[in-house]
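The block underneath contains the structure these notes are about, expressed in structure tokens.
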Amino acid sequence: MENNPFILQMEKITKQFPGVKALDSVTLEVKRGTIHAICGENGAGKSTLMKVLSGVYPYGTYEGKIIFMGQEMKFKNIKESESAGIGIIHQELTMIPELSVTENIFVGNELTKHGLVDWDEERRRTREILKRVGLSIDPDTLIKHLGVGQQQLVEIAKALSKNVKLLILDEPTSALNEDDSENLLNLMRELKENDITCIMISHKLNEIAEISDSVTVIRDGHTVESYEVEAGRVDEDKIIRAMVGRSIENRYPEHESHPGEIIFEVTDWNVEDPEVEGRMVCKGSSFNVRAGEIVGFAGLMGAGRTELMRSIFGHNYGIFRGGTIKIRGKEVKLNSVEAAIKNGIAYVPEDRKNLGLNLLDSIRQTIVSANLDGITKKGLLDFNEELKAAEKYRESVRIKTQSVNVGVNTLSGGNQQKVVLSKWMFTNPEILILDEPTRGIDVGAKYEIYKLIHELADQGKAVILISSELPELLGMADRIYTIFEGSITGEVSGNEASQESLMKKMTATAGN
Amino acid sequence: MKRVKQVLGGDLRQYTMVVALVLLIAIFNIISGGRMLTSSNFQNLLAGNAYVLVLALGMLMVIVIGQIDLSVGSVAGFAGMVMAIAAKELNLPWWVAVLIALGIGIAAGAWHGFFLSKLGIPGFITTLGGMMIFRGGVIWISKSISVPAPVELKWFGSGYLPEWGPAFTGMNNSTLLLGLIGIAAFIFVQFRKYKGSKEENPLWAVVVRICLVSVIIAYFTWLYGSGRVGTSFPVPGLILLILIIIYHTITQRTKFGRNVYAVGGNKNAAALSGVNVQRTYFLTMMNMSFLAAVAGILFVGRSTAAGPADGTSWEMDAIASVFIGGAAVSGGVGTIMATMVGGLVMAVLNNGLMLMGVGADRTQVIKGFVLLAAVAFDVYSKKSGRR
Numbered sequence: 002m003e004n005n006p007f008i009l010q011m012e013k014i015t016k017q018f019p020g021v022k023a024l025d026s027v028t029l030e031v032k033r034g035t036i037h038a039i040c041g042e043n044g045a046g047k048s049t050l051m052k053v054l055s056g057v058y059p060y061g062t063y064e065g066k067i068i069f070m071g072q073e074m075k076f077k078n079i080k081e082s083e084s085a086g087i088g089i090i091h092q093e094l095t096m097i098p099e100l101s102v103t104e105n106i107f108v109g110n111e112l113t114k115h116g117l118v119d120w121d122e123e124r125r126r127t128r129e130i131l132k133r134v135g136l137s138i139d140p141d142t143l144i145k146h147l148g149v150g151q152q153q154l155v156e157i158a159k160a161l162s163k164n165v166k167l168l169i170l171d172e173p174t175s176a177l178n179e180d181d182s183e184n185l186l187n188l189m190r191e192l193k194e195n196d197i198t199c200i201m202i203s204h205k206l207n208e209i210a211e212i213s214d215s216v217t218v219i220r221d222g223h224t225v226e227s228y229e230v231e232a233g234r235v236d237e238d239k240i241i242r243a244m245v246g247r248s249i250e251n252r253y254p255e256h257e258s259h260p261g262e263i264i265f266e267v268t269d270w271n272v273e274d275p276e277v278e279g280r281m282v283c284k285g286s287s288f289n290v291r292a293g294e295i296v297g298f299a300g301l302m303g304a305g306r307t308e309l310m311r312s313i314f315g316h317n318y319g320i321f322r323g324g325t326i327k328i329r330g331k332e333v334k335l336n337s338v339e340a341a342i343k344n345g346i347a348y349v350p351e352d353r354k355n356l357g358l359n360l361l362d363s364i365r366q367t368i369v370s371a372n373l374d375g376i377t378k379k380g381l382l383d384f385n386e387e388l389k390a391a392e393k394y395r396e397s398v399r400i401k402t403q404s405v406n407v408g409v410n411t412l413s414g415g416n417q418q419k420v421v422l423s424k425w426m427f428t429n430p431e432i433l434i435l436d437e438p439t440r441g442i443d444v445g446a447k448y449e450i451y452k453l454i455h456e457l458a459d460q461g462k463a464v465i466l467i468s469s470e471l472p473e474l475l476g477m478a479d480r481i482y483t484i485f486e487g488s489i490t491g492e493v494s495g496n497e498a499s500q501e502s503l504m505k506k507m508t509a510t511a512g513n
Numbered sequence: 005m006k007r008v009k010q011v012l013g014g015d016l017r018q019y020t021m022v023v024a025l026v027l028l029i030a031i032f033n034i035i036s037g038g039r040m041l042t043s044s045n046f047q048n049l050l051a052g053n054a055y056v057l058v059l060a061l062g063m064l065m066v067i068v069i070g071q072i073d074l075s076v077g078s079v080a081g082f083a084g085m086v087m088a089i090a091a092k093e094l095n096l097p098w099w100v101a102v103l104i105a106l107g108i109g110i111a112a113g114a115w116h117g118f119f120l121s122k123l124g125i126p127g128f129i130t131t132l133g134g135m136m137i138f139r140g141g142v143i144w145i146s147k148s149i150s151v152p153a154p155v156e157l158k159w160f161g162s163g164y165l166p167e168w169g170p171a172f173t174g175m176n177n178s179t180l181l182l183g184l185i186g187i188a189a190f191i192f193v194q195f196r197k198y199k200g201s202k203e204e205n206p207l208w209a210v211v212v213r214i215c216l217v218s219v220i221i222a223y224f225t226w227l228y229g230s231g232r233v234g235t236s237f238p239v240p241g242l243i244l245l246i247l248i249i250i251y252h253t254i255t256q257r258t259k260f261g262r263n264v265y266a267v268g269g270n271k272n273a274a275a276l277s278g279v280n281v282q283r284t285y286f287l288t289m290m291n292m293s294f295l296a297a298v299a300g301i302l303f304v305g306r307s308t309a310a311g312p313a314d315g316t317s318w319e320m321d322a323i324a325s326v327f328i329g330g331a332a333v334s335g336g337v338g339t340i341m342a343t344m345v346g347g348l349v350m351a352v353l354n355n356g357l358m359l360m361g362v363g364a365d366r367t368q369v370i371k372g373f374v375l376l377a378a379v380a381f382d383v384y385s386k387k388s389g390r391r
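Here's what the structure looks like:
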């Protein structure tokens, strides 16, 4: 066993849920001291596999064998897998915002002296660990005062403090901006040099290509492919083919747009931060969108894209400090979300679970929720109309579900997003603002969302597309605005733009 | 099991409390030697608990939006007292006094709603303040003395429906008519639903459902109608019934009702869907205190006088009814019908234990355990249902 090159071998793991086989004899072998990427569409079984590994599903509820550092493991809970040296960083961060960095790192494992918490020792160790992840912050800083990127690093620091040998990162960069992502990837490389093995679950193929040593692709609960790669030389298309089981020649569907006249025009829009007095999150922003046109908004996280759109959408965010909106040449005052919807604007928020959906609702209830007037007859809701609307969108938008009566919480991310899009299509908008519509969605579902966006544009709707992924904007938008620190810094037509030129404008004020 | 499911429709878990209620009635009836299922006992049960159930209607909506209202008992007491004083000391006609009381309820609700929606102070704090303010108010304006209520109100609090028509029916004909209307309405609603969704809802299941419910309605019609001469289905029960229909419709079939659930389920998503969250908060709180005033009026009518301690701890019974009915503390979940079942469980417990001669002290202890058991069972079954 001394020469076993594998730190982890999961053999023929099968996990059944009532009625579904989530994992069917999946095998995963991870070499010591490598970065191993796992890819697969949403619902392919990646998370289930990781839950089996970390003991969330205890030994006995699955079939198969887990061999970790040469020994068979039978974890009954997370605590056991943790003490064996397996750490998980979840997609959604699990820090306690009101506690300090130190407290978060040692929560549940407090160091004590004579029965009392040994603060000095905890702080000393925290400083040490923070140094390892390249963070120079005061250990007493409250988590809520840190950015998402820093929080992620603290989370990793916490795992390191428990002496992990194998670190699992579930979509680690999905909430990070480019700089923070780059930071994180560098950190993973460093960890690798320090003999800590990483498993990374990710949708971002460029990141996988950049750092991973081997890739395992899971589809529909089976291991499809597993191979070693040379960092920096991953064939992205090969992974995509394996993930979706078909080849996607073009990640963005073909489309020719026919922009009409300008129907949406925002002039000199100013918004103040609701929390920080005097800080402007939008500074004199002006832009326009034509009928049938897809207009992209590029900007780094925190540049003010979302804030601008939410402010336009009935002053839903921030303190309004002036600006005008014209729809079809007529100035409108949108003082509430209701007014914005009535004037034909729809806004699909970036945070689907917290802002886009009521997870207690069924699909049919969700689809009609922004246009209840549309199913109201004589003051009462007409459930037959509701059902009709839901069925209509289930078909036209291709929501995969056996019934529109089931809860939206049972759907995968891609299907949830389709429900959210249906909800807004049912309000019959002229202007659609889509804020990161494909975040956290797998490649196959992304393609379908893109097709939907094209369909909407073909119907003559003005589409505003906010995205952090530049290739997406380049592949989809007819025209792209760049935003930096609350100001619009540039406007380029889609076929003239390149990632480099956009990035330049996204990181500098206008005129530079 | 599948058959049963088709008859009852949808999720069987929502019937757990109904089963518990039926079992409770059966057990108490056996233990008390048949004194539970008598006309006079059920007339009392309904008339004596209608006010709590009225409160629970409003409380359900308050809890669904994720808030709580601790002031309802005090507001009910205050509104009842103002009504009695207005009628007695100011010599106003009884119906003016009633309108004043309802107005007081609406004003109190607007007060709570203002602090919640405009200033963002949680309902718990706002209504805790209201609870003290209005309780103090009752004692203050009444100088701690009971004030007799106008006699006309007695009809609302404990009156019976009129006696008319042929005697061969052997029961109160108003009650009989009510029962027949109930059965007819149920058949009508079922057939309209059947037309909407035929696949999941086969005709035989609809028929079985109609027969089942008709038998139940018929039985209670007989129970309420065949009591002592001059008695019938109680007037407060009828008022409650009308309010149930109104509030069931509001919560299930109107835009406002959907907004209530939307705000409770995810306030931010609701706001981004065009729901006016603040207005929903405001109206829900205002409605609650309005219903508290209705409850206060019913109670004063029944006890023929307004007392300074009227309404003490009613909020707890109302809140317990809502939670026994399966509502979620975090908001967004709960229905009027389930809440009514929850309220009836409490009422039957009170009544049954009283028939058995159990003292108020031990009744309280038992009710506490039942609340915990019901909610624990609910949480447990939801958890196991998810796996």
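Chains A and B are the protein sequences, given in the same order. Quick note: the first sequence uses the numbering used here, first residue 2, plus one each step. Quick note: the second sequence uses the numbering used here, first residue 5, plus one each step. We put the beta carbon where it would ideally sit given N, CA and C, even for glycine.
Have a look at residue i and residue j and give me their C-alpha separation to the nearest angstrom.
| i | j | result |
| --- | --- | --- |
| HIS223 of chain A | ILE328 of chain A | 51 Å |
| TRP270 of chain A | THR439 of chain A | 27 Å |
| LEU422 of chain A | LEU192 of chain A | 41 Å |
| SER150 of chain B | ALA309 of chain B | 6 Å |
| ASP436 of chain A | ARG220 of chain A | 28 Å |
| MET504 of chain A | SER137 of chain A | 27 Å |
| THR479 of chain B | GLY347 of chain B | No answer is possible for residue 479 of chain B: it lies beyond the span of chain B, which begins at 5 and ends at 391. |
| LEU54 of chain A | ASN105 of chain A | 24 Å |
Determine, for residue i, whether the minimum Cβ-Cβ distance to residues of chain A falls below 8 Å.
| i | result |
| --- | --- |
| THR255 of chain B | no |
| GLY278 of chain B | yes |
| GLY336 of chain B | yes |
For residue i, list the residues DSSP reports as bridge partners.
| i | result |
| --- | --- |
| SER363 of chain A | A:GLY408 |
| ILE432 of chain A | A:ILE346 and A:ALA463 |
| PRO394 of chain B | With chain B covering 5 to 391 only, the question about residue 394 of chain B has no answer from this structure. |
| ALA38 of chain A | A:MET201 and A:VAL216 |
| ALA299 of chain A | A:THR483 |
| ASP171 of chain A | A:ILE202 |
| ARG291 of chain A | A:ILE263 |
| GLY88 of chain A | A:LEU168 |
| PHE69 of chain A | A:LEU9 and A:GLN72 |
Are the C-beta of residue i and some C-beta of chain B separated by less than 8 Å?
| i | result |
| --- | --- |
| TYR60 of chain A | no |
| VAL53 of chain A | no |
| MET326 of chain A | The sequence shown places Ile at residue 326 of chain A, not Met. No - not a single Cβ of chain B is within 8 Å of the one on ILE326 of chain A. |
| SER370 of chain A | yes |
| ILE313 of chain A | no |
| ILE342 of chain A | yes |
| GLY222 of chain A | no |
| ILE67 of chain A | no |
| SER337 of chain A | yes |
| TYR348 of chain A | yes |
| LEU309 of chain A | no |
Closer than 7 Å by C-beta to residue i: which residues in its own chain qualify, once you throw out the five before and the five after it? Chain order, please.
| i | result |
| --- | --- |
| LEU356 of chain A | PRO350 |
Leaving out five residues on either side along the sequence, give the residues of the same chain with a beta carbon under 8 Å from the beta carbon of residue i.
| i | result |
| --- | --- |
| LEU360 of chain A | LYS354, GLY408, VAL409 and ASN410 |
| GLY450 of chain A | The sequence as given places Ile at residue 450 of chain A; Gly does not occur at that position. Excluding positions up to five away in sequence, the list reads GLY415, GLN418, LYS419, LEU422, PRO438, THR439 and ILE442. |
| SER162 of chain B | ALA51, PRO238, VAL239, PRO240, GLY305 and ARG306 |
Suppose the cutoff is 6 Å on Cβ atoms and the five residues either side in sequence are ignored; what does the same chain contact list for residue i look like?
| i | result |
| --- | --- |
| SER26 of chain A | LYS13 and THR15 |
| ALA341 of chain A | PHE314, GLY315 and LEU335 |
Between residue i and chain D, is the shortest Cβ-Cβ distance under 8 Å, so that the two count as touching?
| i | result |
| --- | --- |
| ALA275 of chain B | No chain D is present in this structure, whose protein chains are A and B. |
By the 8 Å beta-carbon criterion, what residues does the stretch 375 to 404 of chain A contribute toward chain B? THR377, GLY380, LEU381, LEU382, PHE384, ASN385 and LEU388
Could you list the residues in the stretch 49 to 67 of chain B with a C-beta less than 8 Å from some C-beta on chain A, going in chain order? none
According to a CB-to-CB cut-off of less than 9 Å, which residues of the stretch 85 to 100 of chain A neighbour chain B? none
Residues, ordered as in the chain, of the stretch 255 to 271 of chain B that lie near chain A by beta-carbon distance below 7 Å: ARG257, THR258, LYS259, ARG262, ALA266, GLY269 and ASN270
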